[in-house]
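Note that this note's numbering has the sequence shown beginning at 3, numbered continuously upward. The block underneath contains the structure these notes are about, expressed in structure tokens.
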Amino acid sequence: MKKSLLTIVFALLIFSCDNYVDSSVKIENYIPESSSVVVKIKNLSKFKNSIINNEYLNKLIKTKKYLIEAISVIEKNEFDDQIAICFYKTDEIYFNVIGSPKKIDSLANFFVVKEKDFSVISNNPDLKINNPKSDIFSSKFKNIDQTNTNFSVSFNSNLSKNLADILFNKTLNLKEENLYLNVETTNNVIFLNGVIDNSLEILDQDTDQSFLDEIINSDINFYFDPDKDLVEEYDLINSNIENPINLFQLLDSSNESDKFKLFQLKNSDKISSINGVISDFKDDLKNSSDNFKYEIKFKNNITVGPIIVKNHINNKSELIIQDENNILHLINSVGQIEWSKKIEGQVLNEIHQIDSYKNGKLQFLFATKNKLHLVDRKGRNVGKFPLKFNDDITQPISVFDYDNNKNYRVLITQNNELFMFDSKGGRVRGFDYIKNEEIINSPKHFRILDKDLIVFKTRNDLKIINRRGRPRIETKTKFNFSSGNVFQFGNTIVTQTSKNEIIEIDLKGNTKIIDSYSSDMNFSSLKNLMVVNSGNTIFSKANKSDLKFGKYSNLKIYNSDKFTLISIFDNQNKEAYLFDKDLNMFDDFPIKSESFVNYRLNKNYFEFAFKTENKSIKFYKKSI
3 MKKSLLTIVF
13 ALLIFSCDNY
23 VDSSVKIENY
33 IPESSSVVVK
43 IKNLSKFKNS
53 IINNEYLNKL
63 IKTKKYLIEA
73 ISVIEKNEFD
83 DQIAICFYKT
93 DEIYFNVIGS
103 PKKIDSLANF
113 FVVKEKDFSV
123 ISNNPDLKIN
133 NPKSDIFSSK
143 FKNIDQTNTN
153 FSVSFNSNLS
163 KNLADILFNK
173 TLNLKEENLY
183 LNVETTNNVI
193 FLNGVIDNSL
203 EILDQDTDQS
213 FLDEIINSDI
223 NFYFDPDKDL
233 VEEYDLINSN
243 IENPINLFQL
253 LDSSNESDKF
263 KLFQLKNSDK
273 ISSINGVISD
283 FKDDLKNSSD
293 NFKYEIKFKN
303 NITVGPIIVK
313 NHINNKSELI
323 IQDENNILHL
333 INSVGQIEWS
343 KKIEGQVLNE
353 IHQIDSYKNG
363 KLQFLFATKN
373 KLHLVDRKGR
383 NVGKFPLKFN
393 DDITQPISVF
403 DYDNNKNYRV
413 LITQNNELFM
423 FDSKGGRVRG
433 FDYIKNEEII
443 NSPKHFRILD
453 KDLIVFKTRN
463 DLKIINRRGR
473 PRIETKTKFN
483 FSSGNVFQFG
493 NTIVTQTSKN
503 EIIEIDLKGN
513 TKIIDSYSSD
523 MNFSSLKNLM
533 VVNSGNTIFS
543 KANKSDLKFG
553 KYSNLKIYNS
563 DKFTLISIFD
573 NQNKEAYLFD
583 KDLNMFDDFP
593 IKSESFVNYR
603 LNKNYFEFAF
613 KTENKSIKFY
623 KKSI
């Protein structure tokens, strides 16, 4: 508690690396033998997310200039995921950042060495190569390293002793050996697990099961589960539940964290295991009564999403967003970035999930301006994807599964042309649409009275074609159409004209105007439910609800076996409304949002995610 932890700070606030290609000069040659800390990052995006969104780490990193500088080096030079950073001290604190930058900008006051397979950027003017010992501590824990963690940290022997004593608030008979910690974070919790590569003699052991029981049964709610996140067997346990400790303090820092901390140690013949948590208190969370799940902040503006997707492994909801640099991010169910992937161009509106291999594993299917992408849950391109097109894709892609047998069909729109592909990226033989006028909306598929209909609009016509791209129904009256969607209503097709009319088309091609409005309107339909917004009113055949003065769009109907939701977005006031099928507005709505809200329905609850004005995404769960 009295001892300074130069290390961990470095650790918990910096980055790392693994698995480099061997070269004549190795990475280890730029890790000085005097290094106090070597940090490894496996997933740079996850680490950056931890720094931004974990309040504890965020505060720590802002306390020291050299920590900020190390991070700035990585951000400015667009490093690949795997990075190593070592900290060492001579007359002052120096660091070496080792990795594969995509570019190296001019860096004032920094020194750069370029090797065959990596580069080194340092604040040390005497940066030089060295010949480390074969047992350098940064390489001793290779087999312990966990690739699924945000980052990991190796401490030299002196710092290991200091850290162990502080964690357990007692003097441990620790020989001069090393400590290795894997670090994993959520927005509210830091998980630590690692080893000391020796056997400890524990003096004055006072393990107390009742102490742990008291914590588990406490009225205080923590953002971790003691039964799941702590080990069952241990030799030592220590907590700051009553007396906070200065864990991860920076040199002369006297700041104490108000977070809850708990650490356990299990001793064995050759190696001692450590695990622990640093947790926020649930009672401190804003909006806890509203089933708030998490908020995640981004450095760049969000241009697409959030889109709620399904994790096929655990059936939990995850989010996909795209930022202004065209980087896709997959965010898991606890608010961590699983991966980030830069693509060429902005996603066109939607991201579909398909089971291309028919094995229960889902992939993400989407289009950019001239590419069709299929990406698996780990962010890897699938098969021959992405497919590249010479001409622009002009509408969001349409994905059909006619017979619910996972024989997917993907329809690509290019101005006045349609092309169909299968889920492996092959052209579908037999589909031959004869191009006509420019297509102004994304084609939709309906099955009405056992007939498959592919429906879309041009400015002056409604096209209804079959699976082979041939005309199926010819409309008997022509209209000038808006670019709004087409819907099914009963056994008919309904859509909107440029004159704010709702028209209905039956299976014989007969058309009729069923409603007409004097002001701007939008509507949505789902089989036997039609909802319309005109002016400051939203209504169905049986119900009506008034809205405040605004400019409304994105009216949608969500339906499950259990319930129906109706959503609409006010672009003027930046507010999202949500109603049940009888147009009763849900409690706590409207909510402030920078974009339309995305919803996912489950058996007895629904989830929703939206963008806020400070480059953040908020995710909620609400019971029905």
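We put the beta carbon where it would ideally sit given N, CA and C, even for glycine. Only a predicted model underlies this, so the values are computations on that prediction, with no experimental measurement involved.
Leaving out the 5 sequence neighbours to the left and right, which residues in its chain are closer than 6 Å to Lys514 when beta-carbon positions are compared?
Within the sequence shown, the letter at position 512 stands for residue 514. Taken in chain order, the residues that qualify are Glu506.
Which residues in the same chain as Asp508 place their Cβ atom closer than 6 Å to its Cβ, once the five residues preceding and following it in sequence are excluded?
Taking the first residue of the sequence shown as position 1, residue 508 is located at position 506. Exclusion of the five residues before and after Asp508 leaves Thr494 as the residues of its chain whose Cβ lies within less than 6 Å of its Cβ.
Looking at the secondary structure, which residues open and close the beta strand (DSSP E) in which Ile475 lies?
Locating residue 475 in the sequence shown gives position 473, counting from the first residue. Counting along the chain, the unbroken beta strand (DSSP E) around Ile475 starts and ends at 473–475.
Other residues of its chain near Lys576: CB distance less than 7 Å, five sequence neighbours each side excluded
By one-based count along the sequence shown, residue 576 stands at place 574. When the five nearest sequence neighbours on each side are left out, the beta carbons in the same chain lying within less than 7 Å of the beta carbon of Lys576 are those of Lys594, Ser595, Glu596, in order along the chain.
Decide yes or no for the touch test of the stretch 610–624 against the stretch 301–321: beta carbon pairs closer than 8 Å, at least 3 of them.
Yes, the stretch 610–624 touches the stretch 301–321.
Quick check: the Cα distance between Thr188 and Lys620, rounded to an integer number of angstroms?
Reading the sequence shown from its first residue, position 186 is the one you call residue 188. Reading the sequence shown from its first residue, position 618 is the one you call residue 620. Near 14 Å, if we compare the C-alpha coordinates of Lys620 and Thr188.
So which of Pro103, Leu129, Asp405 has the shortest CA-CA distance to Lys118?
Locating residue 118 in the sequence shown gives position 116, where the first residue counts as 1. Nearest of Pro103, Leu129, Asp405 to Lys118, Cα basis: Pro103.
Keeping to the same chain, check which residues put their C-beta closer than 8 Å to that of Val401; ignore five residues upstream and five downstream.
On the sequence shown, position 399 is the one that residue 401 refers to. Taken in chain order, the residues that qualify are His354, Ile356, Leu367, Tyr410, Arg411, Val412, Leu413.
What is the DSSP secondary structure of Ser52, counted as helix, strand or coil?
Residue mapping note: residue 52 aligns to position 50 of the sequence shown, counting from 1. Assigned with DSSP and collapsed to three states, Ser52 falls in helix.
So, for Leu183: in the same chain, excluding its five sequence neighbours on each side, which residues have a beta-carbon less than 6 Å away from its beta-carbon?
As a first step, residue 183 must be located in the sequence shown, where it is residue number 181. Result list for Leu183: Val155, Leu194, Gly196, in chain order.
Quick one: using the 10 Å Cβ neighbour count with 16 as the cut-off for buried, is Ile85 buried or exposed?
Against the sequence shown, residue 85 aligns to sequence position 83. Residue burial is scored here from C-beta neighbours: Ile85 has at least 16 other C-beta atoms within 10 angstroms and is therefore classed as buried.
Thinking C-alpha only, which one of Ser241, Ile239, Asn240, Asp215 is nearest Asp229?
Position 227 of the sequence shown, counted from the first residue, corresponds to residue 229. Nearest option by C-alpha distance: Asp215.
Are the beta-carbon atoms of Asp504 and Ser526 separated by less than 7 Å?
Residue 504 sits at position 502 when you count from the first residue of the sequence shown. Residue 526 sits at position 524 when you count from the first residue of the sequence shown. Contrary to the premise, residue 504 reads as Ile rather than Asp in this sequence. Their beta carbons are not under 7 Å apart, which means Ile504 does not touch Ser526 by this criterion.
Pairwise C-alpha distance: Phe387 and Gly381:
One-based indexing of the sequence shown puts residue 381 at position 379. One-based indexing of the sequence shown puts residue 387 at position 385. Taking C-alpha positions only, Gly381 is separated from Phe387 by approximately 12 Å.
Distance check for Asn45 and Val83, CA to CA, integer angstroms please.
Residue mapping note: residue 83 aligns to position 81 of the sequence shown, counting from 1. Residue mapping note: residue 45 aligns to position 43 of the sequence shown, counting from 1. Just to set this straight, residue 83 is Asp in the shown sequence, not Val. Roughly 5 Å between the two C-alpha positions.
Measure the CB-CB distance between Asn328 and Glu320 and report whether it falls below 7 Å.
Residue 328 sits at position 326 when you count from the first residue of the sequence shown. Residue 320 sits at position 318 when you count from the first residue of the sequence shown. Asn328 is not a Cβ neighbour of Glu320, given a cutoff of 7 Å.
Nearest to Ser500 by CA position, among Arg472, Lys459, Gly537, is which residue?
One-based indexing of the sequence shown puts residue 500 at position 498. Nearest option by C-alpha distance: Lys459.
Cβ-based burial, Ser291 [other Cβ within 10 Å; buried from 16]:
Mapped onto the sequence shown, residue 291 falls at position 289. At Ser291 the pLDDT is 46, less than 50, meaning the model places this residue with poor confidence; the figure from the coordinates comes in the next sentence. Ser291 comes out exposed.
Run through the stretch 370–456 for me and flag every whole beta strand (DSSP E) of 3 or more residues, listed as ranges in chain order.
Every unbroken stretch of the beta strand (DSSP E) spanning 3 or more residues and falling wholly within the stretch 370–456 is given here in chain order: 373–377, 400–402, 411–416, 419–424, 446–450.
What residue range does the beta strand (DSSP E) around Glu609 cover?
The sequence position of residue 609 within the sequence shown is 607, counting from 1. Where Glu609 is concerned, the enclosing beta strand (DSSP E) stretches over 607–613.
Three-state secondary structure (DSSP) at Ala578?
In the sequence shown, residue 578 corresponds to position 576, counting from 1. In this structure, Ala578 counts as strand in the three-state DSSP scheme.
Anticipated Cβ contact below 8 Å, Asp623 with Asn293, distance rounded
Position 621 of the sequence shown, counted from the start, is the residue given in the question as residue 623. Position 291 of the sequence shown, counted from the start, is the residue given in the question as residue 293. Residue identity differs from the one stated: residue 623 is Lys in this sequence, not Asp. The pair is a contact, with the Cβ atoms about 4 Å apart (cut-off 8 Å).
Starting from Phe170, trace the alpha helix (DSSP H) both ways and give me its first and last residue.
Residue mapping note: residue 170 aligns to position 168 of the sequence shown, counting from 1. Annotation for Phe170: the continuous alpha helix (DSSP H) segment containing it runs 159–170.
Using the C-alpha atoms, what's the distance from Ile198 back to Ile273?
Here the question's residue 273 lines up with position 271 in the sequence shown. Here the question's residue 198 lines up with position 196 in the sequence shown. Each residue's Cα considered, the two are about 6 Å apart.
Please state the DSSP three-state secondary structure of Leu252.
Taking the sequence shown and counting its residues from 1, one reaches residue 252 at position 250. Any answer about Leu252 is weak, because its pLDDT of 36 lies below 50 and its placement is not dependable; what the coordinates show is given next. Three-state DSSP puts Leu252 in coil, outside helix and strand.
Segment contact flag, the stretch 360–376 with the stretch 436–453, C-beta cutoff 8 Å, min 3 pairs
Judged by Cβ distances under 8 Å, the stretch 360–376 makes no contact with the stretch 436–453, as fewer than three pairs qualify.
Please tell me whether Gly511 and Ile475 are closer than 7 Å, where the distance is taken between their beta carbons.
The sequence position of residue 511 within the sequence shown is 509, counting from 1. The sequence position of residue 475 within the sequence shown is 473, counting from 1. Going by C-beta atoms, Gly511 is nearer than 7 Å to Ile475.
What does the Cβ neighbour count give for Gln348, buried or exposed, with the cut at 16 atoms within 10 Å?
Here residue 348 refers to the residue found at position 346 when the sequence shown is read from its first residue. Looking at its Cβ environment, which holds fewer than 16 other Cβ atoms inside 10 Å, Gln348 is exposed.
CA-CA distance, Ser335 and Val39?
Counting from 1 along the sequence shown, the entry for residue 335 is found at position 333. Counting from 1 along the sequence shown, the entry for residue 39 is found at position 37. A straight line joining the alpha-carbon of Ser335 with that of Val39 spans about 32 Å.
Per DSSP, what kind of secondary structure is Lys546 in: helix, strand or coil?
Stepping through the sequence shown from its first residue, residue 546 is reached at position 544. Taken through DSSP and simplified to helix, strand or coil, Lys546 comes out as strand.
Cβ-Cβ distance between Ile322 and Leu332 below 7 Å
Within the sequence shown, numbered from 1, the residue matching residue 322 stands at position 320. Within the sequence shown, numbered from 1, the residue matching residue 332 stands at position 330. It is a contact, given that the beta carbons lie within the stated cut-off.
Determine whether the beta carbon atoms of Pro398 and Leu350 lie at a separation below 7 Å.
On the sequence shown, position 396 is the one that residue 398 refers to. On the sequence shown, position 348 is the one that residue 350 refers to. It is a contact, given that the beta carbons lie within the stated cut-off.
May I have the straight-line CA-CA distance separating Leu69 from Trp341, to the nearest angstrom?
Position 67 of the sequence shown, counted from the start, is the residue given in the question as residue 69. Position 339 of the sequence shown, counted from the start, is the residue given in the question as residue 341. Spanning the two alpha carbons is a distance of roughly 24 Å.
May I ask you to report which of helix, strand or coil DSSP gives Ser37?
For the purposes of this step, residue 37 is taken as the residue at position 35 of the sequence shown. Coil.
Which stretch, first to last residue, makes up the beta strand (DSSP E) that contains Ile73?
Taking the sequence shown and counting its residues from 1, one reaches residue 73 at position 71. Per DSSP, Ile73 belongs to no beta strand (DSSP E); it is in the alpha helix (DSSP H), 67–78.
Quick check on this structure: which residue in Lys408, Phe423, Asn361 has the alpha carbon closest to the alpha carbon of Lys390?
To locate residue 390, count along the sequence shown from 1; it is residue 388. Nearest option by C-alpha distance: Phe423.
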